[in-house]
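**Q**
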Amino acid sequence: MQETVTADKTFLEAFRGGFTGILRWPQLDALWERVRSSADEGWYVYSVGETPPEAPASAEALDRFLTEVDALLRREHDEDYCGIVYVDDPQSPSFVKIFDPNNLGVSCGYSDNPPLPGWILSRIPPVDLPDALPKPAGRRRWWRRLFA
């Protein structure tokens, strides 16, 4: 059990770490190329809200995901800038947050309760984020007041 707790903490620490926004579409192209070129190093493809994958994606599955998510982002985020993909290190990525264009909330600004990304690419085995992160305090207070 200790190994799982350590892995969970490591993923959450990485999730809460520092990130750089990918602002321009050519920067996104370069990021995808770096991820594709490191496919053999093991990338987990996690759709937040679904059961986290237990194994890294194959190079083919990773490529298919990158192709499809890129098309989705360009189609549904109809802007001349990207700004909804964040990476821990643009030159040597190991953790990428991809926000759903239809659920941005305040992902681009400051918030005590920003929306979760739609998808995560990680070299670290992911955990179930909705279960692992604390619920907003306002909602807990509301729930307790409702059923006090």
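Residue numbers for the sequence shown, in numbering that gives the first Met the number 0: 0 to 147. All residues carry an ideal CB built from backbone N, CA and C; glycine is no exception.
1) CB of residue 59 to nearest heavy atom of the ligand SAM: below 7 Å?
2) Can you give me the Cβ contacts of residue 31 inside the same chain, cut-off strictly under 8 Å, excluding the 5 residues immediately before and after it?
3) Check residue 50 in the structure and name its three-state DSSP category.
4) Nearest CA to the CA of residue 23: which residue from 116, 87 and 76?
5) If you measure between the beta carbons of residue 97 and residue 117, is that distance less than 8 Å?
6) How many Å lie between residue 123 and residue 129 at the Cα?
7) For residue 25, count neighbouring C-beta atoms within 10 Å of its own C-beta (all shown protein chains included) and say buried if the count is 16 or more, exposed if not.
8) Measure the Cβ-Cβ separation of residue 58 and residue 38 and say whether it is below 8 Å.
9) By Cβ distance, which residues of its chain are closer than 6 Å to residue 115, with the 5 residues on each side in sequence left out?
10) Can you name, in chain order, every residue of its own chain whose Cβ lies under 8 Å from the Cβ of residue 62, other than the five neighbours on each side?
11) Rounded to the nearest angstrom, what separates residue 131 and residue 74 at their Cα positions?
12) Leaving out five residues on either side along the sequence, give the residues of the same chain with a beta carbon under 6 Å from the beta carbon of residue 13.
13) By the DSSP assignment, the alpha helix (DSSP H) with residue 34 in it spans what residues?
**A** Looking at the coordinates:
1) Questions concerning the ligand SAM fall outside what the structure shown contains, since it holds no ligand whatsoever.
2) Only 65 and 69 meet the Cβ criterion.
3) coil
4) 76
5) Yes, the pair counts as a contact, with Cβ atoms nearer than the cut-off.
6) 17 Å
7) exposed
8) Yes, the pair counts as a contact, with Cβ atoms nearer than the cut-off.
9) Answer for residue 115: 47 and 128, listed in chain order.
10) 35 and 38
11) Take the alpha-carbon of residue 131 and the one of residue 74: they are about 31 Å apart.
12) 94 and 123
13) 24 to 36
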